[in-house]
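When we follow numbering that gives the first Met the number 0, the leftmost residue of the sequence shown carries the number 0, and every step to the right adds one. The block underneath contains the structure these notes are about, expressed in structure tokens.
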Amino acid sequence: MSDDVLVPRFAAFRSTIFAEMTALANRTGAINLGQGFPDSEGPAELLSAAAVAVLSGRNQYPPLPGVPELRTAIAEQRWSDYGTPYDPDTEILVTAGATEAIAAAIAALVPAGDEVLVFEPYYDSYGAAITLAGARRRTVRLRPENDRFTFDPEELAAAVTPRTRAVLVNTPHNPTGTVLTPAELAHIAELCRRHDLIAITDEVYEHLTYDGIRHVPLASLPGMAERTLTISSAGKTFNVTGWKVGWVCGPQRMVAAVRTVKQYLTFAGGTPFQYAVAAVLPDRRRWLDDLRARLSAARDTLRDTLTSAGWRCFSCEGTYFLQADARSVGYRDGIALCQDLAIEAGVVAIPSSAFHADPAAGQELIRFAFCKSPAVIATAAKRLAGFADTQHEEGMAPWWLARRSA
């Protein structure tokens with residue numbers, strides 16, 4: 000038997016860029032602005048509710064669909080925030096985070112050999128989930144336009160083939176920070192209706208939008224509720240990314256299909272965490288107003304400091320993430336820049352090429368996560384500004400040219 004027992008279709012997924020860059024941060028002692036996890040705890044009442052649930056004996060398997068209290072709270076949140084009604088008994092399923100929800104949805108709804116349209120760059124688990132289901136990935140590029148990433152509606156329409164079954168939409172979008180506009184969503188909705196496509200939406204950053212921009216769920220558009228699975232989670236909303244409490248909302252027949260697959264993945268889990276999220280979700284706005292303000296301030300500090308030092312940064316309308324152009328500090332390759340930043344500036348970022356099917360498509364971009372404390376962001380921003388100043392002073396010395404074009 001060969002030493003390499005991994006099936007060939009998963010050869011490209013041996014390790015994630017997040018694991019690699021976090022290991023680099025650990026080796027170098029650099030500030031980790033790569034992986035998108037906050038360095039502060041969630042609301043005290045949430046943590047207390049989890050402790051109470053643990054100590055009161057809510058530690059065994061929950062029902063497969065999730066505890067009724069959480070499903071009811073989710074239904075109330077979707078109706079209150081967006082006017083989209085869901086029956087908590089038949090149209091909501093609690094999952095082990097959004098990642099499981101996406102994988103189970105694709106496996107349940109996209110036959111092997113059929114296609115999933117996905118906007119590129121995309122979160123790295125999407126490609127693995129599509130491969131796991133035996134489906135095929137077709138990509139539509141998000142490109143900068145006036146410093147904001149968007150897509151070409153004609154390119155989107157041309158990507159559909161007779162084998163296209165679903166479109167996977169992430170808004171607010173990781174890694175670009177774009178929040179899709181109503182007009183952009185209308186293009187996607189029209190395409191779904193015209194070709195009878197399923198929409199699977201990743202909305203884990205739904206509450207983390209800035210500058211007065213509002214998130215609009217695709218399911219709220221005309222004719223989309225009956226063909227859309229909406230996925231979100233508590234992790235980004237309440238700074239508890241390790242809890243892995245996510246959910247799926249959608250038509251009964253689609254949720255039932257996802258539940259069929261999900262029961263053979265994790266079945267169900269996180270019982271005390273489910274009760275805790277149920278306890279605080281109705282009072283989310285008080286926490287979220289403060290969280291958005293803190294994240295917006297961190298974004299501004301990082302962006303403004305970098306821009307003043309000569310970095311080119313793109314608009315961030317939502318999420319934890321700020322995209323920067325490696326070429327603005329003399330690099331052509333974001334991977335090389337990220338490696339040098341860790342060693343020379345003491346800051347780790349993520350090369351955005353990791354979020355593309357073709358790494359050459361995004362090789363000039365890198366991603367910073369700003370979901371850190373003000374002190375950490377200020378220190379990282381100062382280091383990154385100093386790095387840029389050094390490169391500009393060196394005037395693109397020949398050895399730098401060789402390094403940056405490698």
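Don't be surprised by glycine CBs; every beta carbon is placed ideally from N, CA and C.
| Query | Result |
| --- | --- |
| Using a Cβ-Cβ cut-off of 6 Å (strictly less than) and excluding sequence neighbours within five positions of Gly385, which residues of its own chain qualify? | none |
| Going by the DSSP bridge assignment, what does Gly409 pair with across the sheet? | The chain is shown only over 0 to 405; residue 409 falls outside these bounds and no answer can be derived. |
| Please list the segments of the beta strand (DSSP E) lying wholly inside the segment 287-344, counting only runs of 3 or more residues, in order along the chain. | 320-324 |
| Report yes or no: do the segment 342-354 and the segment 16-31 share at least 3 C-beta pairs separated by less than 8 Å? | yes |
| Helix or strand or just coil, what does DSSP make of Ile101? | helix |
| Closest to Leu321 by CA distance: which of Ile376, Thr236 and Arg283 is it? | Ile376 |
| Could you spell out where the alpha helix (DSSP H) holding Arg70 opens and where it closes? | Pro67 to Tyr81 |
| Mapping the DSSP letters down to three states, classify Asn25 as helix, strand or coil. | helix |
| Measuring CA to CA, which of Leu340, Phe272 and Glu75 is closest to Leu45? | Phe272 |
| Below 7 Å CB to CB, which residues in the same chain sit around Arg192 once its five sequence neighbours on both sides are set aside? | Gly222 |
| Could you tell me the boundaries of the beta strand (DSSP E) in which Thr163 lies? | Thr163 to Asn169 |
| With a 10 Å radius around its C-beta and 16 neighbouring C-beta atoms as the bar for buried, classify Val4 as buried or exposed. | exposed |
| Per the DSSP calculation, Glu189 is bridged to which residue(s)? | DSSP output for Glu189 lists no bridge partner at all. |
| If you measure between the beta carbons of Val159 and Phe150, is that distance less than 8 Å? | no |
| Let me make sure I understand the geometry here. Which of Ala156, Ser219, Ala165 and Thr229 has the alpha-carbon closest to that of Glu90? | Thr229 |
| Between Ala95 and chain B, is any beta-carbon pair separated by less than 8 Å? | Protein chain content of the structure displayed is limited to a single chain, and chain B is not contained in it. |
| Anyone know if the C-beta pair for His206 and Thr236 falls short of 8 Å? | yes |
| Go ahead and pull the three-state DSSP assignment for Arg142. | strand |
| Distance, Cα to Cα, Thr181 vs Gly268? | Position check: residue 181 holds Pro in this sequence, whereas Thr was assumed. Straight-line Cα distance between these residues: approximately 36 Å. |
| Could you check what DSSP says for Thr259 in three-state terms: helix, strand or coil? | helix |
| Could you tell me how far apart the beta carbons of Ala97 and Val203 are, in whole angstroms, since I believe they sit closer than 8 Å? | 5 Å |
| Considering only C-alpha positions, which residue in the set Ile365, Arg284 and Thr389 is nearest to Ile16? | Ile365 |
| In this structure, does DSSP put Glu202 in helix, strand or coil? | coil |
| Going by DSSP in three states, Glu114 sits in which element: helix, strand or coil? | strand |
| If you follow the beta strand (DSSP E) that Ala156 is part of, which residue opens it and which one closes it? | It is not in any beta strand (DSSP E) - Ala156 instead sits in the alpha helix (DSSP H) that spans Pro152 to Ala158. |
| Have a look at Gly112 and Ala185 and give me their C-alpha separation to the nearest angstrom. | 28 Å |
| Which residues does DSSP pair with Glu44 in a beta bridge? | None, per the DSSP bridge assignment. |
| Using the C-alpha atoms, what's the distance from Ala43 back to Leu217? | 32 Å |
| The beta strand (DSSP E) that contains Ala368, what's its start and end? | Leu364 to Ala368 |
| Should Tyr263 go down as buried or exposed, given a rule of 16 or more other Cβ atoms within 10 Å for buried? | exposed |
| Between the C-alpha atoms of Glu363 and Glu316, what's the straight-line distance to the nearest angstrom? | 21 Å |
| Bridge partners for Thr208 per DSSP, in chain order? | Gly317 |
| Helix, strand or coil for Pro350? Go by DSSP, reduced to three states. | strand |
| Is it true that the segment 126-133 meets the segment 141-155, where meeting means three or more beta-carbon pairs spaced less than 8 Å apart? | no |
| Using the three-state DSSP reduction, which class does Thr15 fall into: helix, strand or coil? | coil |
| May I have the straight-line CA-CA distance separating Val276 from Tyr330, to the nearest angstrom? | 44 Å |
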